[in-house]
């Protein structure tokens, strides 16, 4: 191939532009924990497999995580997700129910979406939960995630 001095910079520029468009156009999750904008409550329930992921997606706050393997099939519990502002006020709160719809804690904005499902692997199954709150909490807020094996009293089972 015969590259003229004019063609080489043009090829490099075009390749760079394509790379920027491909990488820059993808939706990304901004990790709120790594950025230091929020923190997790230090105590994580044993039933939770690992600390949840807390990230910003399209201007919303998303909290997602997993429960340990080997939970019984007839789960009736829920996961409480609470976001507490630095002044101690509850910004967001939700109960992600295993067998019912996600409900908001009284006095807080309701979540846009919440879900619980079972994921199956060859080593067993585990619960996967997520909840999406509208907007972002103030910087310095604390995210608290707790597992409760009992059903939320106000929840009704899904059909």
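Numbering (the numbering used here), first residue to last: 1 to 159. Even for Gly, the Cβ is constructed at its ideal location relative to N, Cα and C. Here the structure is a predicted model, which is why all the values come from computation and not from measurement.
In chain order, what residues of the same chain lie with their CB nearer than 7 Å to the CB of residue 141, ignoring the 5 residues before and after it? As a working mapping, residue 141 is identified with position 141 in the chain shown. Exclusion of the five residues before and after residue 141 leaves 38, 83, 84, 85, 86 and 91 as the residues of its chain whose Cβ lies within less than 7 Å of its Cβ.
Taking the C-alpha atoms as reference points, what is the distance between residue 41 and residue 122? By 1-based counting over the chain shown, the position of residue 41 is 41. By 1-based counting over the chain shown, the position of residue 122 is 122. Linking residue 41 to residue 122 through their CA atoms gives a straight-line distance of about 32 Å.
Using the three-state DSSP reduction, which class does residue 92 fall into: helix, strand or coil? As a working mapping, residue 92 is identified with position 92 in the chain shown. Three-state result, residue 92: strand.
Determine which residues share a DSSP beta bridge with residue 131 and list them. Taking the chain shown and counting its residues from 1, the one referred to as residue 131 is at position 131. Note: residue 131 sits in a beta bridge opposite 63 and 114.
Are residue 126 and residue 49 touching if we call contact CB-CB under 8 Å? To locate residue 126, count along the chain shown from 1; it is residue 126. To locate residue 49, count along the chain shown from 1; it is residue 49. Closer than 8 Å, so yes.
Of the residues 98, 81, 138 and 61, which one's Cα is nearest the Cα of residue 29? As a first step, residue 29 must be located in the chain shown, where it is residue number 29. For the options 98, 81, 138 and 61, the alpha carbon positioned closest to that of residue 29 is the one of 61.
Label residue 52 either buried or exposed according to how many other C-beta atoms from any shown protein chain fall within 10 Å of its C-beta, with 16 as the threshold for buried. Here residue 52 is taken as the residue at index 52 of the chain shown, counted from 1. Under this definition residue 52 is a buried residue.
Rounded to whole angstroms, what is the Cα-Cα separation between residue 23 and residue 79? Counting from one through the chain shown, the residue named residue 23 turns up at place 23. Counting from one through the chain shown, the residue named residue 79 turns up at place 79. Interpretation of residue 23 is limited by its pLDDT of 48, a score under 50 that renders its predicted location unreliable; no figure is taken from the coordinates.
Would residue 143 and residue 54 qualify as a contact pair, given that the criterion is a beta-carbon distance under 8 Å? Mapped onto the chain shown, residue 143 falls at position 143. Mapped onto the chain shown, residue 54 falls at position 54. By the CB criterion at 8 Å, residue 143 and residue 54 fall inside the cutoff.
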